[in-house]
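Scroll down for the structure; my scribbles are underneath it.
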Amino acid sequence: MPLSKIQTTTGTAEPGQLGRTLIHEHVLIGYPGWELDARAPKFKRNDAMIRAVDQMHELQSHGVETFVDPCPMDFGRDPVFLAELSQKSGMRIICTTGAYFEAEGNTYTFRHMPMEELVEIYIQEIEQGINDTGIKAGAVKIATGAHKVSDYERKLVTAGARAAKATGVPVISHTQEATCGHDQIDIVTGEGCPPEQLVVGHSDGTTDFDYQKSLADRGAFVGFDRFGISLFQPDEVRIANIIKMIEAGHLERVLMSHDSIVCWLGRPFPYASSFEAMLEMLPNWRSNHIFKEILPKMRAAGVSDEQIQTILVKNPARLFSRGLQ
Ligand SMILES: [Zn+2]
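Take a look at the structure:
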């Protein structure tokens with residue numbers, strides 16, 4: 000039976016309480032096996048917590064009330080860390096169930112598990128909590144690779160859609176190279192979820208506005224959620240295409256975020272040999288970048304405060320309430 004409230008790492012919330020929301024950011028992430036890398040800098044939990052609390056306070060100074068961390072369960076997810084961070088900072092934090100795409104996740108266990116059991120595990124993490132923490136997932140993460148959905152990914156995405164259908168939580172996706180968004184919509188709606196329960200993530204990894212519009216035409220949310228990652232696309236393209244979305248009547252389909260990371264567990268191969276080097280390479284890839292640099296540019300280009308409010312407050316609330324009872 001669908002839930003009646005949004006699940007956070009520290010309790011529940013009503014859609015109207017979310018406020019200004021970053022829909023796709025990360026506190027901790029690490030590739031499967033990161034802890035086996037004896038040459039990587041050691042993970043210092045206390046230092047990471049201090050850094051994370053500072054970042055949450057900085058975001059609160061920009062009016063952010065809710066931080067969604069759709070870390071896949073096989074990508075360094077740490078719900079206890081997130082719940083503690085939420086308590087220490089006062090930031091509302093939402094975590095997810097669901098696994099990463101084949102090339103970067105691909106656990107032996109999930110590869111060989113029947114889909115029905117995967118669905119049960121996802122639902123258990125949403126309804127009862129993750130392992131024995133009692134901390135509940137508030138959304139499902141799905142992920143696909145570039146250009147083609149593999150059999151492994153199809154199984155996991157379908158399981159995720161079924162869990163979302165059963166519980167009403169939203170589906171937050173990862174796409175590679177801004178491809179396969181339509182496959183994700185096909186699978187998620189094919190399992191009975193309304194398209195508005197899905198955000199097709201990382202759809203800003205292309206200049207192709209027609210692709211982005213075609214996702215919105217089908218009713219899904221379109222994630223412009225990698226602001227600051229100039230490696231994949233300049234922010235100017237992201238801003239220009241959001242304005243085109245608004246002009247095309249799709250303001251209510253736009254979500255904005257950074258896909259930022261507070262602390263990378265292990266080393267971020269193949270992008271850089273250390274997380275610090277990666278941050279140096281991408282100076283704007285910070286969770287406050289939208290507020291400091293992007294919103295002023297959008298306002299200067301004619302986007303109104305009311306439209307910004309729709310993107311940062313109303314749209315996330317709609318995504319999170321669409322499946323609730
Ligand atoms: Zn991400």
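Quick note: the sequence shown uses numbering that gives the first Met the number 0, first residue 0, plus one each step.
Just so it is clear, CB atoms sit at the ideal spot from N, CA and C, and this is done for glycine as well.
Problem - Three-state class that DSSP yields for residue 284 in the structure shown - result: Residue 284 sits at position 285 when you count from the first residue of the sequence shown. Coil.
If you drop the 5 nearest sequence neighbours on each side, which residues of the same chain put their C-beta closer than 6 Å to that of residue 218?
Start at 1 with the first residue of the sequence shown, and residue 218 comes out as number 219. Taken in chain order, the residues that qualify are 194, 195.
Residue interval of the alpha helix (DSSP H) (run including residue 52): Mapped onto the sequence shown, residue 52 falls at position 53. 44-60 is the extent of the alpha helix (DSSP H) around residue 52.
* To do: For residue 92, write down the residues that DSSP places opposite it in a beta bridge.
  => Taking the first residue of the sequence shown as position 1, residue 92 is located at position 93. In the DSSP output, where bridge partners are listed per residue, residue 92 has 66.
| request: Would you mind giving the Cβ-Cβ distance between residue 67 and residue 24, rounded to the nearest angstrom? I have them listed as a contact below 8 Å. | output: Within the sequence shown, the letter at position 68 stands for residue 67. Within the sequence shown, the letter at position 25 stands for residue 24. That pair is a contact at about 7 Å.
Look up residue 232 in the DSSP assignment and give the residues it is bridged to. If you number the sequence shown from 1, residue 232 lands on position 233. Residue 232 is not bridged to any residue.
Closer than 7 Å: residue 111 CB and nearest ligand 1 heavy atom:
Translated into positions along the sequence shown, residue 111 becomes position 112. Not under cutoff, so the answer is no.
- Item | Local Cβ density within 10 Å of residue 44, reported as buried at 16 or more and exposed below that | Start at 1 with the first residue of the sequence shown, and residue 44 comes out as number 45. When all chains shown are included, residue 44 counts as exposed.
Over the uninterrupted alpha helix (DSSP H) stretch that includes residue 173, give me the two end residues. Reading the sequence shown from its first residue, position 174 is the one you call residue 173. Taken as a continuous stretch (DSSP letters only), residue 173 belongs to no alpha helix (DSSP H), being part of the beta strand (DSSP E) at 170-173.
- Please say whether residue 284 and residue 28 have beta carbons closer to each other than 8 Å? What you label residue 28 is simply residue 29 of the sequence shown in a count that begins at 1. What you label residue 284 is simply residue 285 of the sequence shown in a count that begins at 1. Taking 8 Å as the Cβ cut-off, residue 28 and residue 284 do not qualify as a contacting pair.
Next on the checklist: Comparing C-alpha positions only, which one of 261, 293, 300 sits nearest to residue 26?
Outcome noted: Looking up residue 26 in the sequence shown gives position 27. It is 261 whose Cα lies nearest to the Cα of residue 26.
### Query
Given that a residue counts as buried once 16 or more other Cβ atoms are within 10 Å of its Cβ, and exposed if not, what is residue 85?
By one-based count along the sequence shown, residue 85 stands at place 86. Per the 10 Å Cβ criterion, buried.
Please report the Cβ distance between residue 302 and residue 245, rounded to the nearest whole angstrom; I am assuming they are in contact, meaning their Cβ atoms lie under 8 Å. Along the sequence shown, read from residue 1 onward, the residue named residue 302 stands at position 303. Along the sequence shown, read from residue 1 onward, the residue named residue 245 stands at position 246. The Cβ separation is near 7 Å, so the contact holds.
- On a CA-only basis, which of 70, 13, 58, 75 is nearest residue 42? Give me that one, please. By one-based count along the sequence shown, residue 42 stands at place 43. Checking every option, the nearest Cα to that of residue 42 belongs to 75.
Checklist line | Residue of 178, 35, 92 minimising C-alpha distance to residue 5 | finding: The sequence position of residue 5 within the sequence shown is 6, counting from 1. Comparing Cα-Cα distances from residue 5 to each of 178, 35, 92, the minimum goes to 92.
Requested in this report: Measuring alpha carbon to alpha carbon, tell me which of 171, 69, 90 ends up nearest residue 51.
Outcome: As a working mapping, residue 51 is identified with position 52 in the sequence shown. Comparing Cα-Cα distances from residue 51 to each of 171, 69, 90, the minimum goes to 90.
Examine ligand 1 and report whether any of its heavy atoms sits within less than 7 Å of the Cβ of residue 258. As a first step, residue 258 must be located in the sequence shown, where it is residue number 259. Yes, since a heavy atom of ligand 1 falls inside the 7 Å radius drawn around the Cβ of residue 258.
**Message:** If I measure Cβ to Cβ from residue 148 and keep anything under 6 Å in the same chain, skipping five residues before and after, which residues do I get?
**Reply:** On the sequence shown, residue 148 is found 149 positions in, with the first residue counted as 1. These residues qualify, in order along the chain: 179, 182.
- Selection from 280, 313, 254, 57 that minimises the alpha carbon distance to residue 230: Reading the sequence shown from its first residue, position 231 is the one you call residue 230. The candidate whose alpha carbon is nearest that of residue 230 is 280.
Check: Does the beta-carbon distance from residue 63 to residue 21 come in below 8 Å?
Finding: By one-based count along the sequence shown, residue 63 stands at place 64. By one-based count along the sequence shown, residue 21 stands at place 22. Going by C-beta atoms, residue 63 is nearer than 8 Å to residue 21.
Nearest-angstrom Cα distance between residue 32 and residue 108?
Taking the sequence shown and counting its residues from 1, one reaches residue 32 at position 33. Taking the sequence shown and counting its residues from 1, one reaches residue 108 at position 109. Cα to Cα, the separation comes out at about 14 Å.
Residue range of the alpha helix (DSSP H) that residue 140 falls in? Locating residue 140 in the sequence shown gives position 141, counting from the first residue. Premise fails: residue 140 lies in the beta strand (DSSP E), 138-142, not in any alpha helix (DSSP H).
Quick one: any contact between the segment 121-139 and the segment 286-294, if contact means 3 or more CB pairs under 8 Å?
-> no
Reduced DSSP secondary structure (H/G/I, E/B, other) of residue 255: Working through the sequence shown from its first residue, we reach residue 255 at position 256. Of the three classes helix, strand and coil, the one that applies to residue 255 here is strand, per DSSP.
### Message
Please determine whether the Cβ atom of residue 25 lies at a distance below 7 Å from any heavy atom of ligand 1.
### Response
Numbered from its first residue, the sequence shown carries residue 25 at position 26. Residue 25 Cβ: within cutoff of ligand 1.
| Is the Cβ-Cβ distance between residue 2 and residue 167 less than 8 Å? | The residue you call residue 2 lines up with position 3 of the sequence shown. The residue you call residue 167 lines up with position 168 of the sequence shown. Their beta carbons are under 8 Å apart, which means residue 2 touches residue 167 by this criterion.
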